[in-house]
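Visitor:
Residue numbers (this note's numbering): 10 to 191.
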């Protein structure tokens, strides 16, 4: 008589104490202009390093080229929108400090973003005969899209380096200051 009662009690206790794994909560869709950050997987980090490998070689000269509007810069903000390829020309913004592609390759945060009403700027990293298309949103919170890389990478350092080069060419800060003072 004790044996069936013992087994029943044991089964009830084991059922009550079983840790149930809950499915991860589904995340809501991203709103326009919103970003979600997550750690990169080892496969994503490996892919990133592989794509950037030619630009990480010691002594490699990495140039940053910008897809700029063919129309002359008249002091407006036409520089801030990469136009359709038929209306664009590639402009050399200068040499990227060697540390920047290395920092970008070492990033560990992926970013996913909702549709943005912001604009995206198109660039190319060039090193010898190698060309790597990349695009960024002017906001520091958004990622860097690299060529065929399956994930966007969050890199404030890389954004700053790009903005320093584009600012030298188009005097962005002076233009912003002028608008603010007016």
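For each residue, glycine too, the CB sits at the ideal point set by N, CA and C.
Can you list the alpha helix (DSSP H) stretches of 4 or more residues lying completely in the region 76 to 158, in chain order?
Guide: Segments of the alpha helix (DSSP H) lying fully in the region 76 to 158: 108 to 114.
Visitor: Which of the three DSSP states is assigned to residue 73 in this structure?
Guide: Indexing the chain shown from 1 puts residue 73 at position 64. Residue 73: strand per DSSP, three-state reduction.
Visitor: Tell me whether the beta-carbon of residue 174 lies closer than 9 Å to the beta-carbon of residue 102.
Guide: By 1-based counting over the chain shown, the position of residue 174 is 165. By 1-based counting over the chain shown, the position of residue 102 is 93. Against a cut-off of 9 Å, the Cβ pair of residue 102 and residue 174 comes out as a contact.
Visitor: Across the region 152 to 167 and the region 46 to 64, are there enough close Cβ pairs to call them in contact, namely three or more that are closer than 8 Å?
Guide: Contact between the region 152 to 167 and the region 46 to 64 is present, because at least three Cβ pairs lie under 8 Å.
Visitor: Could you tell me which residues DSSP pairs with residue 9 in its beta bridges?
Guide: The chain is shown only over 10 to 191; residue 9 falls outside these bounds and no answer can be derived.
Visitor: Straight-line CA distance for residue 74 to residue 90?
Guide: Stepping through the chain shown from its first residue, residue 74 is reached at position 65. Stepping through the chain shown from its first residue, residue 90 is reached at position 81. Their backbone Cα atoms lie some 14 Å apart in a straight line.
Visitor: According to DSSP, is residue 63 helix, strand or coil?
Guide: Residue mapping note: residue 63 aligns to position 54 of the chain shown, counting from 1. DSSP places residue 63 in helix when its eight states are reduced to three.
Visitor: Looking only at its chain, what residues have a beta carbon closer than 6 Å to the beta carbon of residue 121, apart from the 5 residues adjacent to it on each side?
Guide: Residue mapping note: residue 121 aligns to position 112 of the chain shown, counting from 1. Around residue 121: 45.
Visitor: Out of curiosity, what's the CA-to-CA distance linking residue 119 and residue 49?
Guide: Along the chain shown, read from residue 1 onward, the residue named residue 119 stands at position 110. Along the chain shown, read from residue 1 onward, the residue named residue 49 stands at position 40. Their backbone Cα atoms lie some 5 Å apart in a straight line.
Visitor: If contacts are defined as beta-carbon pairs under 8 Å, then residue 99 and residue 133 qualify, I think. What distance do you get, rounded to the angstrom?
Guide: To locate residue 99, count along the chain shown from 1; it is residue 90. To locate residue 133, count along the chain shown from 1; it is residue 124. Right, their Cβ atoms sit about 7 Å apart.
Visitor: Which one of 146, 81, 62 has the shortest CA to CA distance from residue 140?
Guide: Along the chain shown, read from residue 1 onward, the residue named residue 140 stands at position 131. That would be 62, whose Cα lies nearest to the Cα of residue 140.
Visitor: Starting from the C-beta of residue 117, find all residues in its chain whose C-beta is less than 7 Å away, skip the five residues before and the five after it, and write them out in chain order.
Guide: In the chain shown, the residue the question calls residue 117 occupies position 108. 48, 49, 54.
Visitor: Given this structure, state the Cα-to-Cα distance separating residue 169 from residue 190, to the nearest angstrom.
Guide: Stepping through the chain shown from its first residue, residue 169 is reached at position 160. Stepping through the chain shown from its first residue, residue 190 is reached at position 181. Taking the straight line from one Cα to the other gives about 24 Å.
Visitor: Give me the residue from 145, 180, 114, 176 with the minimum Cα distance to residue 52.
Guide: The residue you call residue 52 lines up with position 43 of the chain shown. Selected option, being the one with the closest Cα: 114.
Visitor: Per the DSSP calculation, residue 47 is bridged to which residue(s)?
Guide: By 1-based counting over the chain shown, the position of residue 47 is 38. DSSP lists 119 as partners of residue 47.
Visitor: For residue 83 and residue 151, I'd like the C-alpha separation in whole angstroms.
Guide: For the purposes of this step, residue 83 is taken as residue 74 along the chain shown, with counting starting at 1. For the purposes of this step, residue 151 is taken as residue 142 along the chain shown, with counting starting at 1. Whole-angstrom Cα-Cα distance: 29 Å.
Visitor: As a quick exercise: from 81, 136, 146, 177, pick the residue whose alpha carbon is nearest that of residue 68.
Guide: Translated into the one-based positions of the chain shown, residue 68 becomes position 59. Residue 68 has its Cα closest to that of 136, out of 81, 136, 146, 177.
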